[in-house]
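J.: Quick mapping for you: the protein sequence lines, in order, are chains W and E.
The opening residue of the first sequence carries number 1 in our numbering; numbering runs sequentially from there.
The opening residue of the second sequence carries number 1001 in our numbering; numbering runs sequentially from there.
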Amino acid sequence: MTDITTEKARIGAPSAQPFINGFTEEGENLSPVNTGTNTSTTSEQPSAGPLGGASAKSHSHGGGVGIPDSSRAGRLTSYKLADFKPLNGLEEDWRFTPLKRLRGLHTEVLNGAAPAVSVTAPAGVVVETVGRDDQRIGQAAIPEDLVSANAWENFAEATVVTVPAELQAESEVSVLITGAGEAPSAQHIVIVAERFSKAVVVLDHQGSAVVSENVEIIVEDGAELTVVSLQEWADNAVHASSQQAKIGRDAKFKHIVVSLGGDLVRVTPSTRFTAPGADVEMFGLYFADAGQHLEQRLFVDHAVANCKSRVLYKGALQGRNAHSVWVGDVLIRKEAEGTDTYEANRNLVLTDGARADSVPNLEIETGLIEGAGHASATGRFDDEHLFYLMARGIPEKVARRLVVRGFLNEIIQQIKVPAIEERLTAAVERELAATDN
Amino acid sequence: MSTLEIKDLHVSIETEQGTKEILKGVSLTIKTGETHAIMGPNGSGKSTLASTIAGHPRYTVTSGTITLDGEDVLEMSVDERARAGVFLAMQYPVEVPGVTMTNFLRTAKTAIDGEAPALRTWTKDVKAAMQQLRIDADFAQRNVNEGFSGGEKKRVEILQLELFKPKFAILDETDSGLDVDALKVVSEGVNRAHEEGNMGTLLITHYTRILRYIKPDFVHVFVDGKVVEEGGPELADRLEEEGYDRYAPGAGVAVAPAVQA
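Okay, structure coming up:
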């Protein structure tokens, strides 16, 4: 028996709501609880969020009265750990995560030694290590879950990478993050691409760590930034990474998540449009081996008009209890007229015993959009594929590689840093070699 | 000159109701240059024979032999059989995600020949073969069979036949689901491959229609896992007129194992 779960595209957030409540022919008022007008807000206000306006509620519970988690817009966000309830694993955003394998990221004080950060940057790019009180901290992100808030409360210092205005970085900025041990720890990174700058930043996670990380990304007006987050951890690593980007006017942002190594890796990238004309691409590649849990939950917040987003995540799975989770939340708010968005997730299950969960959620609060689509497919590389290729003379190992390489290459090609592309191609080959024994 | 020899082949499959014997003693010899048509009603075991020769894991050979120039084919893995010169044009070619036609064709050709084809001539050969089979050039960049129509899939099977140049081609109901134009294009492809003079063909079909375009030297009629009648092209003509009804149980035709021509 193969355990493949494919949750087909569905409209709206998973909730106790009646399906397509309030649906009209125009597609407006898709879900009345999502309009934001009836959002309940608690009386106790923590420090104001950095994002401002209707697109951010610094501290709010639930999208509608009595219906928590019904809209992504209503999710609790706070810098204070105490604002989050202890996790029990039944929460919408934790329901796929094996909490006991978080090794304390959700229960312990994260005061272990943070992974060491070493940055190689081209001329002009400014790299600083700053304290908690630096004013740039908190400009782009606010924790959206308990583990992220736990890191926010506990990080000791932050690395700030600034690409100054109008600088065209001549090579990639390489941020090597090397695990320093297995005591639960907190990490904080800030990446700022100032007006009209252009750069590629690679976050390269290696070694052994139990770490909750917050990455804040600011893409100012007219800037063009690519952030690649590589998770090539050692087998025992546990990593939760909230990567939140705030996108300025006419900015271009490309975000690429590559998760290969680690026992449990949970990356939660969010992009928030704050001004019109911006363009976001989010790509992901993961290769889950036996026993590995690789989770990615992304959020695209179309809070303003005339922005475009494209999302494509592809994953391969092999071995017993290899588990991947992909949840794609795309929210088109009422203000976001002219939005153009499409998100897709593709999984390739290579062996029996693996499980891929895939949940695309599209919330649409205005019908005046260019386009909105989502897709999810989980397929098997099965005996019939193998037979077909072998019947053409191709040996089994080569056949398997051919399929996986082709499948994942689409994402690797997006990185456009030859050295990283070569490294990842080699890493995928190693993953495949592990199947061959 | 090569010989593919099937002797007293018994094949069974596992079903929910237990083991079921599909082929009940099939003997057949095909030589280079010959075209053998295997005809028979649905469920007679024609496709089982094709898949068994190619080595599909679903089928278990319980007794009998298949040899290619004396080499034991049943001992070979699926890919070894292909490299030895057996090509199966499949009835239902599968879609292979993530692999472009270009990449697939080159990888297969390299595996079959034992060395990579010279890039310039290979590209030219592929292009020419695609043109002759009326396959759009943009198929080269698409994933193997992905989103292809039934007719396109069959044409792509014959494209491979022409490019890989096997010693023996087994066409498993390549004609089914094709309109007349596609049938002609596909038949021309098979005939071109045949005319090069190094190939023997086993043509499995339910209908006689394709035999107007591909002339068989021998016709074998399959009923219930056995060859019940054999003859020349004239047997196909007779089947066209009379259908398979006369082979039905109790129809009065002596159903005895026929002697190989």
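Glycine included, C-beta positions come from ideal geometry on N, C-alpha and C.
Pop quiz: D1217(E) and H1036(E) are said to be a contact at Cβ under 8 Å. What is the actual Cβ separation, rounded to whole angstroms?
T.: About 7 Å; that satisfies the 8 Å criterion.
J.: Check this for me: beta carbons of R195(W) and A223(W), under 8 Å apart or not?
T.: Going by C-beta atoms, R195(W) is nearer than 8 Å to A223(W).
J.: Taking 8 Å as the cut-off, decide whether the C-beta atoms of R310(W) and Y286(W) are in contact.
T.: No; because the gap between Cβ atoms is not below 8 Å, this pair is not in contact.
J.: Quick one: does E1073(E) have its CB under 8 Å from some CB of chain W?
T.: Note on residue identity: the sequence assigns Val, not Glu, to residue 1073(E). Judged by the 8 Å Cβ criterion, V1073(E) is not in contact with chain W.
J.: For K1167(E), name the three-state secondary structure that DSSP assigns.
T.: Here K1167(E) sits in coil by DSSP.
J.: By the three-class DSSP mapping on this structure, what secondary structure does E213(W) have?
T.: E213(W) falls in the strand class under three-state DSSP.
J.: Per DSSP, what are the beta-bridge partners of E1021(E) in this structure?
T.: DSSP, once it has assigned bridges, lists S1012(E) as partnering E1021(E).
J.: Let me check understanding here. Comparing Cα to Cα, which of H323(W), S185(W), Q135(W) and A305(W) lies closest to L368(W)?
T.: Nearest of H323(W), S185(W), Q135(W) and A305(W) to L368(W), Cα basis: A305(W).
J.: Give me whichever residues DSSP pairs with G371(W) in a beta bridge.
T.: G371(W) pairs with D340(W).
J.: Taking just the CA atoms, how far does M1090(E) sit from E384(W)?
T.: Cα to Cα, the separation comes out at about 11 Å.
J.: Does DSSP classify A54(W) as helix, strand or coil?
T.: Here the model assigns A54(W) a pLDDT of 39, short of 50, so the residue's position is not dependable, and the following value carries that caveat. Note: A54(W) maps to coil in three-state DSSP.
J.: How would you write the range of the beta strand (DSSP E) that G1098(E) sits in, first residue to last?
T.: Unbroken run through G1098(E): none, as it is neither H nor E.
J.: In angstroms, rounded to a whole number, what distance separates the CA positions of K416(W) and E370(W)?
T.: Straight-line Cα distance between these residues: approximately 29 Å.
J.: Using 8 Å as the threshold, is the stretch 210-227 of chain W in touch with the stretch 188-202 of chain W, meaning 3 or more CB pairs across them?
T.: Because the criterion of three Cβ pairs below 8 Å is met, the stretch 210-227 of chain W and the stretch 188-202 of chain W touch.
J.: Under 6 Å Cβ to Cβ from V147(W), same chain only, skipping five residues before and after it: list those, please.
T.: Counting only Cβ-Cβ distances below 6 Å, and skipping sequence neighbours, we find L105, H106, S212 and A240.
J.: Roughly how many angstroms separate the alpha carbons of A1128(E) and A1182(E), rounded to a whole number?
T.: If I take the Cα positions, the gap works out to 17 Å.
J.: S1027(E) by DSSP, collapsed to three states: which one?
T.: Reduced to three states, the DSSP call for S1027(E) is strand.
J.: So, helix, strand or coil for T1003(E), using DSSP?
T.: Three-state result, T1003(E): strand.
J.: Under the rule that 16 or more other beta-carbon atoms within 10 Å means buried, what is G262(W), buried or exposed?
T.: Per the 10 Å Cβ criterion, buried.
J.: Buried or exposed: Y440(W), going by 16 or more other Cβ atoms within 10 Å of its Cβ?
T.: Given that chain W is displayed from residue 1 to residue 437, the structure contains no residue 440(W) and the question cannot be resolved.
J.: Is the stretch 169-177 of chain W in contact with the stretch 136-145 of chain W, if contact means three or more CB pairs nearer than 8 Å?
T.: The stretch 169-177 of chain W, when compared against the stretch 136-145 of chain W, does not touch it at the 8 Å Cβ threshold.
J.: Is the CB of H991(E) under 8 Å away from at least one CB in chain W?
T.: Absent from the structure is residue 991(E), since the part of chain E shown begins at 1001 and ends at 1261.
J.: Could you work out which residues of chain E lie near E384(W), taking near to mean beta carbons separated by less than 7 Å?
T.: Within 7 Å Cβ-Cβ: V1094.
J.: On the DSSP bridge list, what partners appear for D279(W)?
T.: Looking at the DSSP assignment, D279(W) forms a beta bridge with K252(W) and K308(W).
J.: How far does the beta strand (DSSP E) with W94(W) in it extend, from its first residue to its last?
T.: Per DSSP, W94(W) belongs to no beta strand (DSSP E) and is neither H nor E.
J.: Would you call the stretch 312-331 of chain W in contact with the stretch 274-294 of chain W, where contact means no fewer than 3 C-beta pairs closer than 8 Å?
T.: Yes: the two stretches touch, three or more of their Cβ pairs being nearer than 8 Å.
J.: Determine the direct distance from the alpha carbon of D204(W) to that of L51(W), and round the result to whole angstroms.
T.: Caution is warranted here: a pLDDT of 48 is assigned to L51(W), below 50, making its placement in the model unreliable, and the coordinate value is therefore given only provisionally. Straight-line Cα distance between these residues: approximately 27 Å.
J.: Taking 8 Å as the threshold (beta carbon to beta carbon), is E44(W) in contact with chain E?
T.: A caution first: E44(W) carries a pLDDT of 38, below 50, which makes its placement in the model unreliable, though a value can still be read off. For E44(W), the answer is no, since every Cβ of chain E falls outside 8 Å of its Cβ.
J.: So is G1263(E) in contact with chain W if we call contact Cβ pairs under 8 Å?
T.: An answer regarding residue 1263(E) cannot be provided, because it is not within the stretch 1001 to 1261 covered by chain E.
J.: Based on the DSSP secondary-structure assignment, which residues constitute the bridge partners of D382(W)?
T.: None, per the DSSP bridge assignment.
J.: Give a yes or no on whether the C-beta atoms belonging to T271(W) and F253(W) are separated by under 8 Å.
T.: Contact: yes.
J.: In chain order, what are the residue ranges of uninterrupted alpha helix (DSSP H) at least 4 long that sit wholly in the stretch 1187-1239 of chain E?
T.: Whole alpha helix (DSSP H) segments, 4+ residues: zero.
J.: In this structure, does DSSP put Y388(W) in helix, strand or coil?
T.: Reduced to three states, the DSSP call for Y388(W) is helix.
J.: Taking buried to mean at least 16 other C-beta atoms within 10 Å of its own C-beta, is G1243(E) buried or exposed?
T.: Exposed, since its Cβ has fewer than 16 Cβ neighbours within 10 Å.
J.: In three-state DSSP terms, what is G1243(E)?
T.: Coil at G1243(E), not helix or strand.
J.: Quick one, which of Y388(W), R75(W), A434(W) and V428(W) has its alpha-carbon nearest E1157(E)'s?
T.: When each option's Cα is compared against that of E1157(E), the closest is Y388(W).
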